[in-house]
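With this note's numbering, the residue at position 71 of the sequence shown is 72, and numbering never jumps.
The beta-carbon is built from N, C-alpha and C at its ideal position, and this holds for glycine as well.
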Amino acid sequence: MPPTRSHISDLVTAYLERHPAEAPLLAPLLRLLDEDAEPTSRSTMPGHVTCSAVVVDHDRRVLLVHHNVFGLLLAPGGHVEAGDRSLLETALREVHEEAGIPPGALCVTAAYGSLPIDIYVFDIDANPVKGEGAHQHWDFRFVFQLVDRDVEVTVQTEEVSAAEWRAFDEVTAPQLRAKLCASGLDGRIEPVNASALIHDGYGRYLLHLRDDLPGIWEPGAWSLLGGGREPGDTSLEDTVRRELREEAGLEPGVVEPFAVELATGTDGLTVPVQVFTAQWSGDPARLPLTEGVMLTWFHPNVMERLRLSPSTLDLVRRHAKQSGRTKAAPQREALGPDRPKAGSTSVPHIVGVHLYLERDDQVLLGLRHPAAAYAGGTHHFLAGHCEQETAVACLVREAKEEAGLLVDPRDVELAHVVHMVDKPGAQPRIGFVFRARRWTGTPEVLEPDRCVSWGWWPADALPEPIVPYTRAAIEGIRAGRPYTELGWD
Numbered sequence: 002m003p004p005t006r007s008h009i010s011d012l013v014t015a016y017l018e019r020h021p022a023e024a025p026l027l028a029p030l031l032r033l034l035d036e037d038a039e040p041t042s043r044s045t046m047p048g049h050v051t052c053s054a055v056v057v058d059h060d061r062r063v064l065l066v067h068h069n070v071f072g073l074l075l076a077p078g079g080h081v082e083a084g085d086r087s088l089l090e091t092a093l094r095e096v097h098e099e100a101g102i103p104p105g106a107l108c109v110t111a112a113y114g115s116l117p118i119d120i121y122v123f124d125i126d127a128n129p130v131k132g133e134g135a136h137q138h139w140d141f142r143f144v145f146q147l148v149d150r151d152v153e154v155t156v157q158t159e160e161v162s163a164a165e166w167r168a169f170d171e172v173t174a175p176q177l178r179a180k181l182c183a184s185g186l187d188g189r190i191e192p193v194n195a196s197a198l199i200h201d202g203y204g205r206y207l208l209h210l211r212d213d214l215p216g217i218w219e220p221g222a223w224s225l226l227g228g229g230r231e232p233g234d235t236s237l238e239d240t241v242r243r244e245l246r247e248e249a250g251l252e253p254g255v256v257e258p259f260a261v262e263l264a265t266g267t268d269g270l271t272v273p274v275q276v277f278t279a280q281w282s283g284d285p286a287r288l289p290l291t292e293g294v295m296l297t298w299f300h301p302n303v304m305e306r307l308r309l310s311p312s313t314l315d316l317v318r319r320h321a322k323q324s325g326r327t328k329a330a331p332q333r334e335a336l337g338p339d340r341p342k343a344g345s346t347s348v349p350h351i352v353g354v355h356l357y358l359e360r361d362d363q364v365l366l367g368l369r370h371p372a373a374a375y376a377g378g379t380h381h382f383l384a385g386h387c388e389q390e391t392a393v394a395c396l397v398r399e400a401k402e403e404a405g406l407l408v409d410p411r412d413v414e415l416a417h418v419v420h421m422v423d424k425p426g427a428q429p430r431i432g433f434v435f436r437a438r439r440w441t442g443t444p445e446v447l448e449p450d451r452c453v454s455w456g457w458w459p460a461d462a463l464p465e466p467i468v469p470y471t472r473a474a475i476e477g478i479r480a481g482r483p484y485t486e487l488g489w490d
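And the structure:
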């Protein structure tokens, strides 16, 4: 089945957002996409869609071929065929057929991704032999980067007679030449995807079992969480954090770049992936997984038995070797989620800090976003998890990041401690509730994806719904109790 009209329309819309001045030129194409005619069919007149591959090498040169029919020096390209799932796949097939360059030798660029760098309106003369009248080609030109410095070019002599590499300013097509010269493409490979290598600090790694469905990258295999960069991502760290939130409701503290790996996409292209590391030690069974089948902890020594890409296994082993954590912690399961038992050896606790602000017998609480990974649609303290920092430093940072409040560490005192589990056998949590005697600023909603509003509530008339341990801590503070236990029975 050829690419759908909606797919083509989305590409045109995204292209015109970058090049609005070309809207009048592409208006006939947009009208065609609103009709019933197949826009990629050769028989659709007075015009149809074609595709070209603009291949850039490491020296900022473009591959052009001498086209036998047109007698011109063009980027490899041609008509869409029934087996092409997207216009980008058409361009990949054409460059493979005409120049012998397989998809695996190419990757998309960070600047353009799967969007065309140019859409050119090509006037085609009438061909009485084929019974074709004069018509137009709307040629979608996709830019690809060579993965390796050297590649063998083998031309298909039936359609092209020769190939050559030309600098951007020597490209014969004026519209494409101008866009290449202004593109900033420098011939370097840049990651366009990001993945998270999440470990618990005790030698276990979090793996994601993908859906075994058509069109899924590595279907039915264990893999790392992650995905492709989107227009709103300002960095690849933004990408991996967004993917973790969207796929599993995960919000790790410190995220650090570890390696760049080359994977193979569903269309055969090479995909440079920036792999980040993060430490987290929770129960994956409690995460709100939105994609795939499940998340589970594994130790490297059992991963050989899994359906897992060799590159992912190599990544895990490299990290384990560098961190020196090749064995599981004593009395901990190598497989499956944490299940601490009373009387067993020590287990990691999730450490959270909470800000208790009181003004005129009213307590500051935030209403969590309905889609928040924890306590969605519920009132809660201003809170956060400790990174590589002290609890008070974490409190000061979270107050500024979440609500724009400035708190001096010298004005902070410990008001209450909550030791809890969400249910028997779950990972324990320690919650430190700190009182700030003074602060500067008025609470603002600075992280609307987590908290939608701040409000001052009477301590003896707290809002509903409210996180149970938040209520317990406030009641404990008012009663003069320093400590509360929840969930252990």
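Per the DSSP calculation, residue i is bridged to which residue(s)?
i: Thr485; result: Val419
i: Val354; result: Gly385, Phe433
i: Val109; result: Phe145
i: Leu210; result: Trp223, Met295
i: Glu244; result: In the DSSP output, where bridge partners are listed per residue, Glu244 has none listed.
i: Tyr121; result: Asp140
i: Trp218; result: Beta-bridge pairing links Trp218 to no other residue.
i: Val63; result: Val57, Arg167
i: Ser324; result: None; Ser324 has no bridge partner.
i: Ile199; result: Ala279
i: Leu365; result: Trp457
i: Ile475; result: Partner(s): none; Ile475 has no beta bridge.
Hey, how far is the Cα of residue i from the Cα of residue j?
i: Phe277; j: His67; result: 44 Å
i: Thr110; j: Thr14; result: 19 Å
i: Asp126; j: Thr91; result: 23 Å
i: Gln146; j: Val81; result: 22 Å
i: Ala249; j: Gly216; result: 21 Å
i: Met295; j: Thr235; result: 29 Å
i: Asp170; j: Leu181; result: 8 Å
i: Ala195; j: Val241; result: 5 Å
i: Asn128; j: Glu159; result: 19 Å
i: Pro4; j: Ala54; result: 17 Å
i: Gln389; j: Val255; result: 8 Å
i: Pro483; j: Ile431; result: 13 Å
i: Ala164; j: Pro77; result: 9 Å
i: Gly232; j: Gln137; result: In the sequence under discussion, the amino acid at residue 232 is Pro, which differs from the Gly named in the question. Near 31 Å, if we compare the C-alpha coordinates of Gln137 and Pro232.
i: Arg189; j: Asp284; result: 40 Å
i: Ala260; j: Val272; result: 14 Å
i: Ala473; j: Thr485; result: 7 Å
i: His49; j: Ala183; result: 28 Å
Cutting at 6 Å between CB atoms, please list the residues of its own chain near residue i, excluding the five before and the five after it.
i: Leu406; result: Ala400, Trp440, Gly442
i: Pro371; result: Gly377, Gly378
i: Arg438; result: Asp412
i: Ala293; result: According to the sequence shown, residue 293 is Gly rather than Ala. Answer for Gly293: His209, Leu210, Arg211, Asp212, listed in chain order.
i: Thr471; result: His381, Phe382
Within 10 angstroms of its Cβ, does residue i collect 16 or more other Cβ (buried), or is it exposed?
i: Leu316; result: buried
i: Trp489; result: exposed
i: Tyr121; result: buried
i: Gly202; result: exposed
i: Ser7; result: exposed
i: Ser162; result: exposed
i: Phe143; result: buried
i: Phe141; result: buried
i: Gln323; result: exposed
i: Ala321; result: buried
i: Thr173; result: exposed
i: Asp85; result: buried
i: Asp83; result: Looking at the sequence shown, residue 83 is not Asp but Ala. Exposed, by the Cβ-count rule.
Just checking my contact of residue i with residue j at CB under 8 Å: how many whole Å lie between their CB atoms?
i: Arg308; j: Ala222; result: 5 Å
i: Leu89; j: Ser115; result: 5 Å
i: Phe382; j: Val303; result: Actually they are not in contact, since the Cβ atoms of Phe382 and Val303 sit about 39 Å apart, beyond 8 Å.
i: His380; j: Ile467; result: 4 Å
i: Leu463; j: Ile478; result: That belief does not hold up - the Cβ atoms of Leu463 and Ile478 are roughly 12 Å apart, past 8 Å.
i: Gly353; j: Cys452; result: So it is not a contact: roughly 15 Å between Cβ atoms.
i: Leu75; j: Leu65; result: 6 Å
i: Gly185; j: Ala112; result: 7 Å
i: Pro101; j: Thr155; result: The sequence as given places Gly at residue 101; Pro does not occur at that position. With 8 Å as the limit, Gly101 and Thr155 qualify as a contact, their Cβ atoms being about 3 Å apart.
i: His59; j: Arg178; result: 20 Å between Cβ atoms; not a contact.
Excluding the 5 residues flanking residue i on each side, which residues of the same chain have their C-beta closer than 7 Å to its C-beta?
i: Glu98; result: Gln157
i: Leu288; result: Ala249, Gly250, Leu251, Leu296
i: Glu262; result: Val274, Val276, Ser312, Leu316
i: Pro21; result: none
i: Glu247; result: Thr291
i: Asp362; result: Pro459, Ala460
Report all residues from its chain with a CB closer than 8 Å to the CB of residue i; omit the five preceding and five following residues, and keep chain order.
i: Leu31; result: Ser10, Val13
i: Leu17; result: Glu23, Ala24, Leu27
i: Arg318; result: Pro301
Any heavy atom of the ligand SAM within a distance shorter than 8 Å of the CB on residue i?
i: Gly185; result: This structure lacks the ligand SAM; in fact it carries no ligand of any kind.
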